[in-house]
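Enquirer:
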Amino acid sequence: MLEGKLALLEAALVQLEAGFKDLPEFTAEQDFDAVGAVLEEVALRLQDNYPYAHPLYAGQMIKPPHPVARLAYSLALAINPNNHALDGGRASSQMEKEAVAALAGMFGWQTHLGHLCSGGTMANLEALWVAGSLHPGKTILASEQAHYTHARLCGVLGLPFETIASDSQLRMDIEVLEQRLQRGDVGTVVATVGTTIAGSVDPVDQILELQTRYGFRLHADAAYGGYFTLIDGLEPSTRAAYDGLSRVDSIAIDPHKHGLQPYGCGCILFADPAVGRLYAHESPYTYFTSPALHLGEISLECSRPGAAAVALWATQRLLPLTRGGAFAAQLGKSRQAALGLYEKLQQDGRFVPLLAPELDIVLWVYHSEWASRTSYLSKEIFRAAATEQLHLALARVPTKRLQPLLPHLEADDDHVLCLRSCLMKPEHLDWLERIWQALDRATIQVFTLSGRLDR
Ligand SMILES: *Cc1c(COP(=O)(O)O)cnc(C)c1O
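Residues 853 to 1307, numbered by the numbering used here, are exactly what the sequence shown covers, in order.
#1: Considering only their Cβ atoms, is the gap separating Arg-1065 from Ala-983 smaller than 8 angstroms?
#2: Does DSSP put Thr-1141 in a helix, in a strand, or in coil?
#3: Tell me the DSSP secondary structure of Ile-1296 in three-state form.
#4: For Ala-1218, name the three-state secondary structure that DSSP assigns.
#5: Mind checking whether Ala-1161 and Ser-926 have CB atoms under 8 angstroms apart?
#6: In this structure, how does DSSP classify Val-894 when only helix, strand and coil are distinguished?
#7: Quick check: the Cα distance between Tyr-909 and Lys-990, rounded to an integer number of angstroms?
#8: Using 8 angstroms as the cut-off, can you tell me whether the stretch 1288-1295 makes contact with the stretch 1251-1261, which would need three or more C-beta pairs spanning the two stretches below that distance?
#9: Could you give the C-beta distance for Ala-1159 and Leu-929, rounded to a whole number, given that I count them as a contact under 8 angstroms?
#10: Give the list of continuous beta strand (DSSP E) stretches no shorter than 3 residues that lie fully inside the stretch 1213-1280.
#11: Please list the segments of the beta strand (DSSP E) lying wholly inside the stretch 1033-1084, counting only runs of 3 or more residues, in order along the chain.
#12: Just list the beta strand (DSSP E) runs in the stretch 1108-1185, keeping only unbroken ones of 3 residues or longer that don't cross its boundaries, in chain order.
#13: With DSSP run on the structure shown, which of helix, strand or coil describes Gly-1096?
#14: When the Cα of Leu-1188 is compared with those of Gln-1058, Leu-1211 and Pro-1205, which residue comes out closest?
#15: For Gly-856, name the three-state secondary structure that DSSP assigns.
#16: Does DSSP put Leu-1086 in a helix, in a strand, or in coil?
#17: On the DSSP bridge list, what partners appear for His-967?
#18: Applying the criterion that 16 or more other CB atoms from any shown protein chain within 10 Å of the CB defines a buried residue, is His-1260 buried or exposed?
#19: Check the C-beta distance from Asp-1057 over to Ala-1092 and give it rounded, since I have them as a contact under 8 angstroms.
#20: Which of the three DSSP states, helix, strand or coil, is assigned to Met-974?
#21: Ignore the nearest five residues each way along the sequence and tell me which others in Pro-917's own chain have a CB closer than 6 angstroms to its CB.
#22: Considering only the beta carbon of each residue, do His-1071 and Leu-938 sit closer than 8 angstroms?
#23: What are the start and end residues of the alpha helix (DSSP H) that includes Glu-950?
#24: Return the chain-ordered list of same chain residues with a C-beta closer than 6 angstroms to the C-beta of Ala-864, the five sequence neighbours on each side being excluded.
#25: With the cut-off set at 8 angstroms, would you say Gly-1077 and Gly-1118 are in Cβ contact?
#26: Distance, Cα to Cα, Leu-898 vs Gly-888?
#27: Please go through the stretch 859-920 and give each complete alpha helix (DSSP H) segment of 4 or more residues, from N-terminal end onward.
#28: Using a Cβ-Cβ cutoff of less than 6 angstroms, which residues in the same chain neighbour His-1243 once the five nearest sequence positions on both sides are dropped?
#29: Beta carbon of Thr-1081: closer than 7 angstroms to some heavy atom of ligand 1?
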């Protein structure tokens, strides 16, 4: 994607170096012939990968970083700033504050405290750590469809953790949540805004209503789905959940998932800047709202890549986080692609889609009467699709979630492997027909090449 565009980086590097031209001449000795040889070897090694950037890669949550992010990141490496302290990177720290403020603004927040981190895991760790510090010993609740990281992080933090059943749409079941809240001792509820498996959005608006009655912290894990707040045309219930994000206590969002960033870019946002006092080692918390904030004073991680902040800032400069803007239009295309695939699956008698996609993830199975055979067919179609150059993913879903859709399904296994596709690239919309044809060929392949399989 950058072939022929590296001249842009070269020009920017010259511009950057001009800022340091008063220094005495200095060039570090390097043997670039040896570097070139190693790079070629690396390129060969890296061929052992799925073609993540291609539209026929429609499997896991992987989206190529935007060229501006790649170039800005590389440019920043000439400095290699460390956003732990201002001494390690003044400009990139300021860019991080601006980029993070734009993310907070996307959710309608006027004030916030936040920073970038290595990813959704770290962002959720900080949110749960703050939650546990404010409500020591109290239980953290998340839906059974929440990312498994929450159970593990609560283990790390020594906090009690329980799951709440999800409904047929794989959203947190609000009635089950209320029954649990009535029993008391709940400190924090984690709402997942875009589950990793299906992109389902927990009803943040309804959970906020329960918050007024039961008083708990509400953390939104929007690592995957956060950016979809920018798009028009969400289902009304999904839109209501997103609109509720302006009133939650904290949000985790991953710019390295849908924000066009290289890996190593998550973000945690707190609505109340006063939680900064929990990070303090010496200073009173008022220090943390001062303009000369060192980001290391409000982050659990110490050294962090300033280049990640530079890449995010550059991306948001090119593609601002505005509703109806070019970036929102790209996300809208991903959702359209998912709705298109869902429709095709629904109309084709061979397949059963599990649920209408709220965002851009589609889950489906091949029609079959046994849970174990359904799993087997998913694996076979997954394999055959790869031979057709279509790369899908597999996901384990409790059999009881499929039974309302497939009333004759024999539960000879408690989980079913489903086919899963994250249609994260806007190009997936233009490629939908080709994706469908590859899936069709793969399915036919499974039933014709292997004599053992009958319909
Ligand atoms: C991906 C994801 C995480 C984990 O984030 P990493 O960036 O992989 O550490 C947590 N929660 C949700 C909902 C996710 O989709």
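Backbone N, C-alpha and C fix where the C-beta goes; we use that ideal spot for every residue, glycine too.
Expert: This is what the structure holds:
#1: no
#2: Low confidence applies here, because Thr-1141 scores a pLDDT of 46, under 50, leaving its location unreliable; read the following figure in that light. Helix, per DSSP.
#3: helix
#4: At residue 1218 the sequence reads Tyr, which differs from the Ala that was named. Of the three classes helix, strand and coil, the one that applies to Tyr-1218 here is strand, per DSSP.
#5: no
#6: helix
#7: 43 angstroms
#8: no
#9: 6 angstroms
#10: 1213-1218, 1245-1250 and 1267-1274
#11: 1038-1044 and 1069-1073
#12: 1118-1122
#13: helix
#14: Correcting the residue identity first, residue 1188 is Gln in this sequence and not Leu. Among Gln-1058, Leu-1211 and Pro-1205, the Cα nearest to that of Gln-1188 belongs to Leu-1211.
#15: coil
#16: coil
#17: Ile-1120
#18: exposed
#19: 4 angstroms
#20: helix
#21: Leu-1112, Gln-1113 and Pro-1114
#22: no
#23: 942-958
#24: Leu-927
#25: no
#26: 15 angstroms
#27: 884-898
#28: Tyr-902, Tyr-909 and Gly-911
#29: no
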